[in-house]
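Following: one structure in C-alpha cells, then a few remarks.
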C-alpha cells in the first residue's frame with residue numbers, strides 16, 4: 010500500500026492555551042485506585058491516638074505507603090510507557106517533568122519519604138503530622154482524575170475577547186492509548202500556522218492542510234458553508250483559515266510539551 014504523502018507544517022504552541030475539554034476517556038471502575046484513600050484513612054485514625062514518638066513515626070510510615078501506592082499506579086498507567094529519553098530516575102521527579110506535580114509538591118513528597126529513610130531522626134510533632142496528612146490528601150485528590158480514567162482525546166476551542174466561542178478548534182488524540190503518538194485535526198487562523206520552521210513552534214506531518222476557500226477539495230464545501238451562514242461573526246471561518254489534519258513529530262522537547270498539556274489540563 011502506498012504511503013500517504015505529508016507536508017511539514019508548524020503550529021503556534023499558543024493554540025494549546027485555548028479552552029480544553031476532555032473529549033473521551035476510559036473509566037477505571039476497579040477498586041485499586043481507591044486503595045490509596047483507604048490507607049490514608051488508616052493514617053488519619055492512627056494520628057488521632059498518636060501519643061508517642063513511635064505512634065507518630067507510624068503515621069508518617071503509613072503516609073509513605075499512600076504515596077508509594079499512588080505513585081506506583083501513576084507509573085503503571087503513564088510513566089513506564091512514556092518514550093522520553095531523559096527521564097529522571099526517581100518517579101516523583103518524573104511526575105514533575107511531565108506536569109503531574111509542581112516543584113513545591115515534589116520537594117514536599119521527597120521530604121516525607123526522607124523522614125522515614127532516616128529513622129534516627131525524631132518523628133515530626135502531632136501538628137506537623139497533621140500537615141503532612143493534609144498534604145498527602147491534596148496529592149491524592151489532585152491525581153484522582155488520572156487514576157480513575159485514562160483520557161483518549163481533547164477538544165480545544167478558541168474564544169473571542171468577548172468570551173464567545175470562535176470558529177477555531179482542534180481535536181488532539183494523545184495519551185497512553187495512542188502510545189503517546191499525537192494526532193490533530195481542526196481549524197486554525199493563518200497566524201497560527203507556518204510552512205517554514207519557526208523557533209518554539211510544534212512540527213506536524215500534515216496529511217491534509219487546506220484553506221476554507223479550497224473547501225471543495227476537502228469534500229466539505231456545502232456542509233461547511235451552510236453552517237457558516239448561521240453563525241455570528243465571531244464564529245465564522247474566513248477564506249484564508251486553514252483546516253489541518255496530521256501527526257506531531259516525536260521530537261523529545263515537543264513530546265514533553267504535549268505531555269505537560271495532557272497532565273496539566275484543568276478539566277481532567
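In my numbering, the protein residues as written are 10 to 277. By construction, the Cβ of each residue, glycine as well, lies at the ideal position given by its N, Cα and C atoms. Fair warning: this is a prediction, and the values are worked out from it, not measured in the lab.
Rounded distance between the beta-carbons of residue j and residue i, thought under 8 Å
i	j	result
residue 51	residue 71	6 Å
residue 49	residue 149	6 Å
residue 158	residue 36	5 Å
residue 162	residue 147	The Cβ separation is near 28 Å, so there is no contact.
residue 18	residue 193	With a Cβ gap of about 10 Å, residue 18 and residue 193 do not count as contacting.
residue 197	residue 270	About 16 Å separates the two Cβ atoms, so there is no contact after all.
residue 195	residue 180	6 Å
residue 53	residue 141	Not really, about 11 Å apart at Cβ, beyond 8 Å.
Pairwise C-alpha distance: residue j and residue i
i	j	result
residue 33	residue 160	6 Å
residue 175	residue 110	32 Å
residue 15	residue 205	14 Å
residue 27	residue 99	32 Å
residue 164	residue 246	18 Å
residue 153	residue 42	8 Å
residue 273	residue 108	6 Å
residue 151	residue 145	10 Å
residue 230	residue 223	Note that residue 230 scores a pLDDT of 49, beneath 50, so its modelled location is shaky; the value from the coordinates is reported in the next line. The alpha-carbon atoms of residue 230 and residue 223 are separated by roughly 8 Å.
residue 116	residue 172	38 Å
residue 80	residue 112	16 Å
residue 75	residue 208	42 Å
residue 38	residue 31	18 Å
residue 265	residue 249	31 Å
residue 85	residue 244	42 Å
residue 137	residue 83	27 Å
residue 73	residue 139	14 Å
residue 166	residue 189	22 Å
residue 177	residue 114	35 Å
residue 120	residue 40	29 Å
residue 187	residue 168	28 Å
residue 123	residue 170	48 Å
Proximity test, Cβ basis, 8 Å: residue i and chain B
i	result
residue 15	In the structure shown, chain B cannot be found, because there is only a single protein chain.
Own chain residues within Cβ distance below 7 Å of residue i, not counting five before or after
i	result
residue 97	103, 106
residue 44	78
residue 132	62, 65, 66, 69
residue 267	183, 191, 257
Residues that DSSP places opposite residue i in a beta bridge
i	result
residue 20	202, 211
residue 197	251
residue 97	Looking at the DSSP assignment, residue 97 forms no beta bridge with any residue, so it has no partner.
residue 29	165
Own chain, CB closer than 8 Å to residue i, minus 5 neighbours either side, in chain order
i	result
residue 135	56, 59, 65
residue 238	In this prediction, residue 238 scores a pLDDT of 44, lower than 50, which makes its location untrustworthy; no coordinate-derived value is stated.
residue 88	96, 100, 103, 104, 107
residue 185	86, 87, 90, 159
residue 263	211, 212, 257
Determine contact between the stretch 194-203 and the stretch 13-23, defined as no fewer than three beta-carbon pairs at a distance below 8 Å. yes
Answer yes if the stretch 254-266 comes into contact with the stretch 208-219, meaning at least three C-beta pairs across the two stretches below 8 Å, and no otherwise. yes
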